[in-house]
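Novice: Chains as they are written, first to last, in this note's numbering: chain H, 1 to 355; chain D, 1001 to 1104.
Built from N, CA and C at the ideal position, the CB exists for glycine as well.
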């Protein structure tokens, strides 16, 4: 049984089912509220959700039963007395150490929990970066949206901030350094490329678990691969109908694999040619193949957001799921070879997490 | 009501109890009660007094900067008020979500 935790503009949905056999909605909660991200941490059994009430601000909630009561987590706030307020929590990721969970948000902030998500503290090393006043927000704000842990090594983490680029730590988050070599933003003039504070609008980053030095990146115009743990990047977007998009996923069994869902361009954020297709590489970006069997193929202008794509399993058993702002949710039980509709007419989908 | 020049004047002015009325989910966070008698000379003093009594409500009305959240309205004696508005004797304070917050 696969469980999908779906964050939407109007609440959190929990669906259960089998790929190809249909899914059913088991729970809807946080009715009417924007749920930016939610997941089921299978290590602890705990569900976590980030909710950004337009009235009361961003909060993280947790529970062992998504249909029951949710508790508000403590410590999800910026230091008091400053000039900024927390705008949104974009993502939650399980860490490598027991009980450790990370959360990333706007304005370019990383939180850590050491008790499974009940209480949080800000990562001071990133918060106190001297260059922070020069960081530029992307269209969605100064959002820390990608957190790539290193299997077996809790000290090594990479995070991505739109548009402050990649940041790497090898000492558990005490110190951070940039990792943007080789990224060529087409929206910057040539002379601005030397300015490390000029916007590097990373959209999504995933690490290949079996080869942790390898990361894949969807950029704001460009798809990249790193083979040196995020120090430098090589463009691999040739062969895609567009190298603009937001979500990206990998097959944990295959370090040469990556899946992206291209959109036309930054000024036209819909699926190209009115067709919904996932593009797959199995040779680290040298070639890309369309995977659209079972997906809408005519007059389908969907927008898939950066957290709305997830996987379960690996290899031949890899399941892939993604949702769109149209409220449609799609799934594949055979690594993207064939797809089926999981749900329709949900509120706009912000995030999908499979477990 | 008047606007105080300082950020807080709780220690400088005569203390009095003011009725603060909460609406929406704020009530649940404040002991499932709508009305609270609190001591404070300004709006921010009253919210801080509420937070001291009910720590769970911290962050729901004021953000980390000490500002009223953008889509929260606070009315003092029927007039929309900022953080540093002084609360007069007999003024009633209402805290409620603004109609502007539902666009997302």
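Use the C-beta contact count for residue 203 of chain H: other C-beta atoms within 10 angstroms, 16 or more gives buried, fewer gives exposed.
Specialist: Counting Cβ neighbours within 10 Å, residue 203 of chain H comes out buried, since at least 16 surround it.
Novice: Closer than 9 Å, Cβ to Cβ, to anything on chain H: give me those residues from the segment 1056 to 1088 of chain D, in chain order.
Specialist: Cβ contacts with chain H come from 1056, 1058, 1059, 1060, 1061, 1063, 1064, 1065, 1066, 1067, 1069, 1070, 1071, 1072.
Novice: At 8 Å on the CB atoms, spell out the chain D contacts of residue 86 of chain H, in chain order.
Specialist: Residues of chain D passing the Cβ test: 1063, 1064.
Novice: Looking only at DSSP bridge pairs, what is residue 206 of chain H linked to?
Specialist: The partner list for residue 206 of chain H (beta bridge, DSSP) reads H:216.
Novice: State the Cα-Cα distance for the pair residue 4 of chain H and residue 1082 of chain D, rounded to the nearest angstrom.
Specialist: Spanning the two alpha carbons is a distance of roughly 43 Å.
Novice: So residue 72 of chain H contacts chain D; which residues on that side make the cut at Cβ distance below 8 Å?
Specialist: Those are 1056, listed as they occur along chain D.
Novice: Chain D partners of residue 83 of chain H, CB-CB under 7 Å?
Specialist: Those within 7 Å of residue 83 of chain H in chain D are 1065.
Novice: At 3 residues or longer, and completely inside the segment 120 to 203 of chain H: list those beta strand (DSSP E) runs for me, N to C.
Specialist: DSSP runs (the beta strand (DSSP E)) wholly in the segment 120 to 203 of chain H: 143 to 150, 153 to 162, 165 to 169.
Novice: Going by C-alpha to C-alpha distance, which of H:91, H:231, H:86 sits closest to residue 35 of chain H?
Specialist: Closest option to residue 35 of chain H, Cα to Cα, is H:91.
Novice: If I follow the unbroken alpha helix (DSSP H) through residue 59 of chain H, where does it start and stop?
Specialist: No alpha helix (DSSP H) contains residue 59 of chain H, which is instead part of the beta strand (DSSP E) from 57 to 63.
Novice: Restricting to runs no shorter than 3 residues, where is the beta strand (DSSP E) found entirely within the segment 264 to 289 of chain H?
Specialist: Correct list: 278 to 281.
Novice: Compare the C-beta of residue 1049 of chain D with all C-beta atoms of chain H and state if any pair is closer than 9 Å.
Specialist: It does not; no Cβ of chain H falls within 9 Å.
Novice: Of all the options H:330, H:323, H:187, which has the alpha carbon lying nearest to the alpha carbon of residue 342 of chain H?
Specialist: The option with the nearest alpha carbon to residue 342 of chain H is H:330.
Novice: Considering only the alpha carbon of each residue, which of H:126, H:208, H:217, H:234 lies closest to residue 363 of chain H?
Specialist: The question about residue 363 of chain H has no answer, for chain H in this structure spans 1 to 355.
Novice: For residue 1022 of chain D, would you say it is in contact with chain H, using Cβ-to-Cβ distances shorter than 9 Å as the test?
Specialist: No, because no Cβ of chain H sits closer than 9 Å to the Cβ of residue 1022 of chain D.
Novice: Could you compute how far the alpha carbon of residue 332 of chain H sits from the alpha carbon of residue 205 of chain H?
Specialist: C-alpha separation (whole angstroms): 21 Å.
Novice: Along chain D, in chain order, which residues have C-beta atoms closer than 9 Å to that of residue 31 of chain H?
Specialist: Per Cβ cutoff of 9 Å: no residues; residue 31 of chain H is ~12 Å from chain D at best.
Novice: At which residues does the beta strand (DSSP E) containing residue 96 of chain H begin and terminate?
Specialist: Residue 96 of chain H -> no beta strand (DSSP E), and no H or E assigned at all.
Novice: Thinking C-beta only, is residue 1094 of chain D closer than 9 Å to residue 1073 of chain D?
Specialist: Yes, the pair counts as a contact, with Cβ atoms nearer than the cut-off.
Novice: If we define contact as Cβ-Cβ less than 9 Å, is residue 80 of chain H a contact residue for chain D?
Specialist: By this cut-off, residue 80 of chain H is an interface position.
Novice: Output yes or no for whether 9 Å exceeds the beta carbon distance between residue 117 of chain H and residue 77 of chain H.
Specialist: No; because the gap between Cβ atoms is not below 9 Å, this pair is not in contact.
Novice: Using only alpha-carbon positions, find the residue among H:201, H:42, H:25, H:344 that is nearest to residue 141 of chain H.
Specialist: Closest option to residue 141 of chain H, Cα to Cα, is H:201.
Novice: Compile a chain-ordered list of the residues in the segment 47 to 64 of chain H whose CB is closer than 7 Å to at least one CB of chain D.
Specialist: Of all residues in the segment 47 to 64 of chain H, 54, 55, 56, 57 have a Cβ within less than 7 Å of some Cβ in chain D.
Novice: Who are the neighbours of residue 77 of chain H on chain D, taking C-beta pairs under 7 Å?
Specialist: Near residue 77 of chain H (Cβ distances below 7 Å), the residues of chain D are 1059, 1064.
Novice: Quick check: residue 6 of chain H and residue 352 of chain H, are their CB atoms within less than 9 Å of each other?
Specialist: Their beta carbons are under 9 Å apart, which means residue 6 of chain H touches residue 352 of chain H by this criterion.
Novice: Name the DSSP beta bridge partners of residue 260 of chain H, please?
Specialist: Answer is H:248, H:279.
Novice: When we look at the beta-carbon of residue 190 of chain H and count the other beta-carbons within 10 Å, is it buried (16 or more) or exposed?
Specialist: When all chains shown are included, residue 190 of chain H counts as exposed.
Novice: Could you check where the alpha helix (DSSP H) with residue 314 of chain H kicks off and where it finishes?
Specialist: No alpha helix (DSSP H) holds residue 314 of chain H; DSSP gives it neither H nor E.
Novice: Between the Cα of residue 70 of chain H and the Cα atoms of H:30, H:277, H:218, H:157, which residue gives the shortest distance?
Specialist: Nearest of H:30, H:277, H:218, H:157 to residue 70 of chain H, Cα basis: H:30.
Novice: To the nearest angstrom, how far is it from the Cα of residue 20 of chain H to the Cα of residue 339 of chain H?
Specialist: Looking at the two C-alpha atoms, the distance is approximately 8 Å.
Novice: Curious, which full-length beta strand (DSSP E) runs of at least 3 residues does the segment 1030 to 1058 of chain D contain?
Specialist: The segment 1030 to 1058 of chain D contains these whole beta strand (DSSP E) runs: 1035 to 1039.
Novice: Return the CA-CA distance between residue 1010 of chain D and residue 1066 of chain D, expressed in angstroms with no decimal places.
Specialist: Annotation note: pLDDT 46 at residue 1010 of chain D (below 50); position unreliable, coordinate value reported separately. About 15 Å.
Novice: Helix, strand or coil: which one does DSSP assign to residue 305 of chain H?
Specialist: Coil at residue 305 of chain H, not helix or strand.
Novice: Count the other CB atoms, across all protein chains shown, that sit within 10 Å of the CB of residue 100 of chain H; report buried if there are 16 or more and exposed otherwise.
Specialist: Answer is buried; the Cβ neighbour count reaches 16.
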